[in-house]
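Colleague: Numbering (our numbering), first residue to last: 7 to 311. We put the CB at the ideal spot given by N, CA and C, even for glycine.
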């Protein structure tokens, strides 16, 4: 079965939905998502896009900037998040934990959650056949289980590269939540061809330090925009609770001249009551247990109870 957008995640005006609730009456769920990635120094050829635009390879500048995030920026970011009592949900290039076991140990010690961001952020899924993409998803899942002993719960395709088959293959693999679509301020059910429902959780390309940086905005802009977004969603959450995602990259916001802006942002958010600081899997679990069936019935899905 092939799904069009409106079949997978049909239109639903947020003002017409059954009311969402969060634990303890929270108005807003906030999840902080450090993209902890690994970029290959000499990546294998890509069919769609050259991972390193400065050619000929190697692109020492591009690689070195990103390497900074794993060497320095992430550790600085961890200190700030620890200070504010924030557990991260890693958008993780799974190979990162193999290349840098110190990062694996530090994240496990903090009990940070993990959603897969593929194996490498230089291996795009655009143009993959169904079997190639299935193999890539299972390679990532298998490594996660080998390292952690846990089931992989979430998926966000490497570098935002996906195919028409991605939601179906993610659901087929038993993954619960999905972040390739940036289409809502609440979790939302997504149909797949197997009949298994995925839950999309709001990720963001708006409050994303990498996207902002490429568009000539910087750390102060990130903090201002994020606090403004929080204010709006927090107010709206009195009637219909929302989700705010902070999408971070250690090689950007972990720089010494930007880290204060993450500190200011988290201090502002944690200074409010009725805020649920959650991980991706906590948001997914709450939604699945308390709202998924109600929302499917609201949408008129035939498999709703």
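1. How big is the Cα-Cα spacing for residue 149 and residue 100?
2. CB residue 160 to CB residue 287, shorter than 8 Å?
3. Would you give the residue range spanned by the alpha helix (DSSP H) that residue 87 belongs to?
4. Residues in its own chain within less than 7 Å of residue 235 by CB, not counting five upstream and five downstream?
5. Report the option in 77, 227 and 184 whose CA atom is closest to the CA atom of residue 15.
6. Going by C-alpha distance, which of 27, 10, 9 and 13 is nearest residue 192?
7. Using a Cβ-based criterion (distance less than 7 Å to any ligand heavy atom), does residue 163 qualify as near the ligand MG?
8. Restricting to runs no shorter than 4 residues, where is the alpha helix (DSSP H) found entirely within the stretch 202-232?
9. Using only the alpha-carbon positions, how far apart do residue 315 and residue 206 sit?
10. Please go through the same chain and pick out, in chain order, the residues whose beta-carbon is closer than 7 Å to the beta-carbon of residue 106, but skip the five residues on each side of it.
11. Name the two residues that bound the continuous alpha helix (DSSP H) containing residue 147.
12. Pull up the distance between the alpha-carbon of residue 262 and that of residue 135, whole angstroms please.
13. Assign residue 19 to buried or exposed, taking buried as 16 or more other Cβ atoms, counted over all protein chains shown, within 10 Å of its Cβ.
14. Which residues in the same chain have their Cβ closer than 7 Å to the Cβ of residue 163, if we skip the five residues on either side of it in sequence?
15. Decide if residue 211 is buried, meaning its Cβ has at least 16 other Cβ atoms within 10 Å, or exposed.
16. Closest to residue 89 by C-alpha separation, out of 276, 284, 304 and 282, would be which residue?
17. Hey, how far is the Cα of residue 21 from the Cα of residue 202?
18. Short check: CB of residue 138 to CB of residue 102, under 8 Å?
19. How big is the Cα-Cα spacing for residue 224 and residue 69?
Modeller: According to the structure data:
1. 7 Å
2. yes
3. 80-89
4. 213 and 250
5. 184
6. 27
7. With respect to the ligand MG, the structure offers nothing, as it holds no ligand at all.
8. 215-220
9. Since the first residue of the chain shown is 7 and the last is 311, residue 315 is not available in this structure.
10. 76
11. 136-154
12. 42 Å
13. exposed
14. 124, 131, 172 and 186
15. exposed
16. 276
17. 26 Å
18. no
19. 20 Å
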